[in-house]
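Asks: Just so we're aligned, residue -1 is where the sequence shown starts under our numbering, counting upward by one.
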Amino acid sequence: MGVDLELIKNRNFDIHMEYCFSNHQIFRVENSDNKLIEFYKIWTLKEAQIKLLNLGFYAIEKVGDEDLMNYSDIIESGDMKFIYTAVTF
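(1) My output table needs one value for Ile81: the three-state DSSP class, helix, strand or coil.
(2) Leaving aside the five residues before and after Leu34 along the sequence, list all residues of the same chain whose C-beta is less than 7 Å from its C-beta, in chain order.
(3) Can the beta-carbon of Val27 be found less than 9 Å from the beta-carbon of Lys44?
(4) Closest to Phe80 by C-alpha separation, out of Gly0, Glu4 and Met(-1), would be which residue?
(5) If you drop the 5 nearest sequence neighbours on each side, which residues of the same chain put their C-beta closer than 6 Å to that of Gln23?
(6) My output table needs one value for Val27: the three-state DSSP class, helix, strand or coil.
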């Protein structure tokens, strides 16, 4: 199992998408009703996959968002929001 947890915060994530996301993933973010949440859904999925497959960060652009079972959810704690994703084969 691979798991990633991120604090959801406003940030400029364009450079991350340019380097790490496929064209399809960029399209999903750009056409989402909530771009920030969609970015974090994809980002946490990618990081969880890297952990599941025991790869380094160098592989972030290579992992996709298909072929693995995954679960994501948003957790609120006080003023903070977190998103986590867990993946398995």
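Here a beta-carbon is modelled for each residue, glycine too, at the ideal position from N, C-alpha and C.
Replies: Here's the rundown:
(1) Sequence index remark: in the sequence shown, residue 81 carries index 83 (1-based). Here Ile81 sits in strand by DSSP.
(2) Indexing the sequence shown from 1 puts residue 34 at position 36. Excluding five sequence positions before and after Leu34, the CB atoms of its chain that fall closer than 7 Å to its own CB belong to Ile6 and Asn8, given in chain order.
(3) In the sequence shown, counting from the first residue as 1, residue 27 sits at position 29. In the sequence shown, counting from the first residue as 1, residue 44 sits at position 46. Between Val27 and Lys44, the CB-CB gap reaches or exceeds 9 Å.
(4) Taking the sequence shown and counting its residues from 1, one reaches residue 80 at position 82. Nearest C-alpha to Phe80: Glu4.
(5) The sequence position of residue 23 within the sequence shown is 25, counting from 1. Contacts found: Ile40.
(6) Along the sequence shown, read from residue 1 onward, the residue named residue 27 stands at position 29. Look at Val27 here: in three-state DSSP terms it is helix.
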